[in-house]
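Numbering (this note's numbering), first residue to last: 604 to 739.
Set out below in structure tokens:
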């Protein structure tokens, strides 16, 4: 199942799936559990998601089903994270400009034909072994 694979990649790198919105999802790295390398974890999860999706799509193609394409936007910065709702139904979520930026970055993946886009703050915190292409 597509979502099971995506959850596996995200949680396997210390992220948590925050929301499922239509055919998309939002994940958080660095909250509620803090990791100094949260940027690396987010990017490595994104790369694994693409790898897992490739295998998933090979199976779909073999069954004459359409391939699934995804776009991933990653942004780093301040946000407000915590539980919202009532004591009967609370949900852990995050809000703020960084969350909105990640969403806008994801929307741009189709225009530049790249499955993963990151902001400059994420780029500046990445480990040296993670290769990136500067799109300007």
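Heads up, the beta-carbon is just placed ideally off N, CA and C, and yes, glycines get one too.
Cβ-based neighbour list, residue 633, same chain, cut-off 7 Å, excluding 5 preceding and 5 following: On the chain shown, position 30 is the one that residue 633 refers to. Excluding five sequence positions before and after residue 633, the CB atoms of its chain that fall closer than 7 Å to its own CB belong to 641, given in chain order.
Reference residue 616; option with closest CA among 622, 721, 631 and 604: Counting from 1 along the chain shown, the entry for residue 616 is found at position 13. Among 622, 721, 631 and 604, the Cα nearest to that of residue 616 is on 631.
Separation of residue 726 from residue 653, as counted between CA atoms: In the chain shown, counting from the first residue as 1, residue 653 sits at position 50. In the chain shown, counting from the first residue as 1, residue 726 sits at position 123. Cα to Cα, residue 653 sits roughly 19 Å from residue 726.
Backbone CA spacing between residue 721 and residue 678 [nearest angstrom]: Sequence index remark: in the chain shown, residue 721 carries index 118 (1-based). Sequence index remark: in the chain shown, residue 678 carries index 75 (1-based). Taking the straight line from one Cα to the other gives about 6 Å.
Selection from 710, 733, 671 and 667 that minimises the alpha carbon distance to residue 599: This structure leaves residue 599 out entirely; the chain is present only between 604 and 739.
Inter-residue Cα distance where the pair is residue 714 and residue 611: As a working note, residue 714 is residue 111 in the chain shown. As a working note, residue 611 is residue 8 in the chain shown. The alpha-carbon atoms of residue 714 and residue 611 are separated by roughly 28 Å.
Start and end residues, beta strand (DSSP E) containing residue 620: Here the question's residue 620 lines up with position 17 in the chain shown. Residue 620 -> beta strand (DSSP E) spans 619-624.
Limits of the unbroken alpha helix (DSSP H) element including residue 632: The residue you call residue 632 lines up with position 29 of the chain shown. For residue 632, there is no enclosing alpha helix (DSSP H), as DSSP gives it neither H nor E.
Assigned secondary structure, residue 695 (DSSP; H/G/I helix, E/B strand, else coil): In the chain shown, the residue the question calls residue 695 occupies position 92. Strand.
Terminal residues of the beta strand (DSSP E) in which residue 683 lies: Residue mapping note: residue 683 aligns to position 80 of the chain shown, counting from 1. Where residue 683 is concerned, the enclosing beta strand (DSSP E) stretches over 683-688.
Selected residue, minimal CA-CA separation from residue 628, among 664, 674, 657 and 684: For the purposes of this step, residue 628 is taken as the residue at position 25 of the chain shown. The option with the nearest alpha carbon to residue 628 is 674.
Within 9 Å, strictly: CB atoms of residue 624 and residue 676: By 1-based counting over the chain shown, the position of residue 624 is 21. By 1-based counting over the chain shown, the position of residue 676 is 73. Their beta carbons are not under 9 Å apart, which means residue 624 does not touch residue 676 by this criterion.
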